[in-house]
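Input: a single structure, listed below in structure tokens.
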Amino acid sequence: MQLDPDEMTPVINRIKRAQGQLAGVLRLLEEGRECEDVVMQLAAVSKALDRAGFAIVASGLQQCLVAGDGEVDSLDVKKMEKLFLSLA
1 MQLDPDEMTP VINRIKRAQG QLAGVLRLLE EGRECEDVVM QLAAVSKALD RAGFAIVASG
61 LQQCLVAGDG EVDSLDVKKM EKLFLSLA
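Numbered per the UniProt record's numbering, the sequence shown spans residues 1 to 88.
Structural data, given as structure tokens:
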């Protein structure tokens, strides 16, 4: 299943934002900043990546349900379940 690049624009933006946040985490570590500051930024990165992952899985589920003759291939459903659970 191919992802539609146009539908992935918000996901791409979210991941780019997370990339910037991760660079900030590295900078905090290199500067020897407070543990609480580092953990808070790391949590923000993690949450942003989780949301991006869920958006990708949701898009894939939607494509599976809409594509074809209305029948959902059980193999695709199993793949999507596995992907979804890998994020949980």
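Cβ coordinates follow ideal geometry from the N, Cα and C atoms, glycine included.
Contact annotation, R14 with A44: C-beta distance approximately 12 Å; criterion of less than 8 Å not satisfied. The way I'd put it, the region 2-12 does touch the region 54-64; three or more beta-carbon pairs between them come closer than 8 Å.
Boundaries of the alpha helix (DSSP H) around Q21: 9-30. For L22, the closest alpha carbon among the candidates P10, K78, K47 is that of K47. When DSSP states are grouped into helix, strand and coil, R51 belongs to the helix group. Just so you know, the alpha carbons of R17 and M40 end up roughly 15 Å apart.
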